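Worksheet: one structure, shown below.
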Amino acid sequence: MNGDRDRRGWLPCYLSGAVFAVCMAGTTLPTPLYGLYQDKFGFSELTVTIVYAVYAFGVIGVLLLAGNASDAVGRRPVLLWGLGCAAASAVCFLCATSLGWLYVGRLLSGLSAGLFTGAATAYVMELAPGRGSSRATLVATAANMGGLGCGPLLAGILAQYAAWPLHLPFAVHLALLAGSALLLLGLEETVRERRPLSTVRPQRPGLPPEVRSVFKPAALASFAGFALFGVFTSVSPAFLSESLDVDNHAVSGLIVALAFFASIAGQAAVGRFGVRRSLPLGCAALLIGLALLAGALRWQLLPLVVVSALVGGAGQGLAFRAALSGVAGASPADRRAAVIS
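Numbered per the numbering used here, the sequence shown spans residues 56 to 396.
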């Protein structure tokens, strides 16, 4: 099997990464559009925060109940379920006539992210020639962050320069999801010893012994990085509009996207610094990015917002790839997706 994969080269790995990116783009697609939804439905900034929290409930619920499902039933079935949840989320936003639709859409988006993150990361790495290689880890993490960055950028551009700003972004995403499903059906399954779905049980918090030494610093770094991204995606569009009078949705989407794209650059730099040095360096850059963002909010300076996105995003990329490399390398194959999730 590995010999066949070596002959095919990296194409299956890259294609699975593209599917990963498309799904993750849907989770950030509404980011620059919430101002328009506020005007349409008349809700407050507190409500926007609650909508974001609903997404987190979806992610956590899936991770606890079915984070290990792809280790049992296979990667492709779980990823297809994830694409289905992402499509249902897009339909909710596409048809939204009240605030309730946004809650359901974000919950479904959280379910799709929870199903996808661990399973897709493992799948991308397993489809690469030479499992667990550094290059495969970069493909997986870049697909994740690249998709998250493309979501607000795509939505912002379409909302600003095309018709139907609250509909066209989700229609485009539905088309991309359909293409991704067809692409996924053409890729091989990497889990050879599959078990029925009935064997999957809710996960109790726990780690294989061989992972415990690397998991704690990796988890702390990942949490800090995604907390920074949470601030950018939930606060930045409103801050740009209300405090800096930036009403261009494309600019708002671009600034949020910069943080995610800077993360990809940070991930690429891990090869230069090495995994051991990248984790503390990334955490230091994260702290600097947070300090810059606090200064930008305090003094209402757009250039400082941009710099904080670049510095914090690069730090997240360094820390995230180093953390994922350590955890994935230490995880047993039959529990890889569950541990990564």
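For each residue, glycine too, the CB sits at the ideal point set by N, CA and C. No experiment lies behind these values; they were computed from the predicted model shown.
| task | Kindly indicate the opening and closing residues of the alpha helix (DSSP H) around E100. | result | Annotation for E100: the continuous alpha helix (DSSP H) segment containing it runs 100-121.
| query | How would you write the range of the alpha helix (DSSP H) that R327 sits in, first residue to last? | reply | Counting along the chain, the alpha helix (DSSP H) containing R327 begins and ends at 325-328.
| By the 10 Å Cβ neighbour count, where 16 or more other Cβ atoms means buried, how is W219 classified, buried or exposed? | With fewer than 16 other Cβ atoms within 10 Å, it is exposed.
| field | Nearest-angstrom Cβ-Cβ length linking A174 and L134, presumed shorter than 8 Å | value | The beta-carbon distance between A174 and L134, rounded to whole angstroms, is 6 Å. This is short enough to meet the 8 Å contact definition.
| By Cβ distance below 8 Å, which residues in the same chain neighbour Q322 in space, the five residues on each side in sequence not counted? | If we look at Q322 and ignore the five residues flanking it on each side, its Cβ neighbours are L193, T196, A197, M200, G372, L373, F375, R376.
| task | For V227, name the three-state secondary structure that DSSP assigns. | result | V227: helix per DSSP, three-state reduction.
| query | Short check: CB of G407 to CB of G165, under 8 Å? | reply | Coverage of the chain is limited to positions 56 through 396, which leaves residue 407 absent and any answer about it impossible.
| Pairwise C-alpha distance: G370 and A339 | A339 and G370: Cα-Cα distance of roughly 7 Å.
| Given V179, which residues of its chain have a CB within under 8 Å of its CB, disregarding the five upstream and five downstream residues? | Within the same chain, V179 has close Cβ partners C68, S71, G72, F75, A191, V194, A195, A198.
| said: I'd like the span of the alpha helix (DSSP H) that includes D142, first residue to last. | reply: Correcting the residue identity first, residue 142 is Ala in this sequence and not Asp. 130-149 is the extent of the alpha helix (DSSP H) around A142.
| Contacts around A111, its chain only, beta-carbon distance under 7 Å, and the 5 residues preceding and following it disregarded | Closer than 7 Å at the Cβ level, and outside the excluded window around A111, lie G165.
| query | Thinking C-beta only, is L84 closer than 8 Å to A210? | reply | In this structure, A210 places its C-beta atom within 8 Å of the C-beta atom of L84.
| message | Can you give me the C-alpha to C-alpha distance between L242 and L352, rounded to a whole angstrom? | response | Cα to Cα, L242 sits roughly 46 Å from L352.
| Around the Cβ of F278, are there at least 16 other Cβ atoms within 10 angstroms (buried) or fewer (exposed)? | It is exposed - the Cβ of F278 has fewer than 16 other Cβ atoms within 10 Å.
| Residue range of the unbroken alpha helix (DSSP H) whose run includes D302 | Annotation for D302: no alpha helix (DSSP H) segment contains it, and DSSP assigns it neither H nor E.
| Start and end of the alpha helix (DSSP H) containing S164? | Boundaries of the alpha helix (DSSP H) harbouring S164: 154-182, taken from the DSSP string.
| message | Assuming contact is defined by CB atoms lying nearer than 8 Å, are L239 and G169 in contact in what I supplied? | response | For L239 and G169, no; Cβs fall outside 8 Å.
| field | Distance, T176 Cα to M56 Cα | value | Note that M56 scores 48 on pLDDT, short of 50, meaning its location in the model is unreliable; the coordinates nonetheless yield the value given after this. Roughly 20 Å between the two C-alpha positions.
| CB of P207 within 8 Å of CB of P87, strictly | Yes.
| request: Compare the beta carbon distance of A317 and G202 with 8 Å and say whether it is the shorter of the two. | output: Contact: no.
| request: Tell me whether A256 is buried or exposed, calling it buried when 16 or more other Cβ atoms sit within 10 Å of its Cβ. | output: It should be pointed out that residue 256 corresponds to Arg in this sequence rather than to Ala. By the neighbour-count rule (16 or more Cβ atoms within 10 Å), R256 is not buried but exposed.
| Is the region 300-309 close to the region 211-230, with three or more CB pairs under 8 Å? | Yes: the two stretches touch, three or more of their Cβ pairs being nearer than 8 Å.
| task | Leaving out five residues on either side along the sequence, give the residues of the same chain with a beta carbon under 6 Å from the beta carbon of L287. | result | Per the sequence presented here, residue 287 reads as Phe, with Leu not at that position. Answer for F287: V311, A314, listed in chain order.
| Would you report the Cα separation of A293 and Y92, rounded to the nearest angstrom? | Those two C-alpha atoms are separated by around 12 Å.
| query | Quick one, are the C-beta atoms of L275 and V128 less than 8 Å apart? | reply | Result no, Cβ atoms of L275 and V128 do not sit closer than 8 Å.
| Can you name, in chain order, every residue of its own chain whose Cβ lies under 8 Å from the Cβ of E297, other than the five neighbours on each side? | Within the same chain, E297 has no close Cβ partners at all.
| DSSP three-state call for L345: helix, strand or coil? | Three-state DSSP puts L345 in a helix.
| message | Am I right that L334 and A378 are in contact with their C-beta atoms under 8 Å? What's the rounded C-beta distance? | response | With 8 Å as the limit, L334 and A378 qualify as a contact, their Cβ atoms being about 6 Å apart.
| Rounded straight-line distance, which links the Cα of G185 to that of R327 | Within the model, the alpha-carbon separation for R327 versus G185 is close to 21 Å.
| field | Delimiting residues of the alpha helix (DSSP H) encompassing T83 | value | Here the alpha helix (DSSP H) through T83 covers 66-83.
| task | Determine the burial state of A346: buried for a count of at least 16 other Cβ atoms within 10 Å of its Cβ, exposed for fewer. | result | A residue is called buried when at least 16 other Cβ atoms come within 10 angstroms of its Cβ; A346 does not meet this threshold and is exposed.
| query | Just how far apart, CA to CA, sit G285 and E181? | reply | Computed Cα separation, rounded: 29 Å.
| Taking all protein chains shown into account, do 16 or more other C-beta atoms lie within 10 angstroms of the C-beta of W354, making it buried, or fewer, making it exposed? | Here W354 is exposed, its C-beta having fewer than 16 other C-beta atoms within 10 Å.
| said: Let me confirm a value: I115 is counted as buried when at least 16 other C-beta atoms fall within 10 Å, else exposed. Which label applies? | reply: I115 should be labelled exposed.
| Leaving out five residues before and five after G381 in sequence, what residues of the same chain have Cβ atoms less than 7 Å from its Cβ? | Contacts found: V269, A273, V330.
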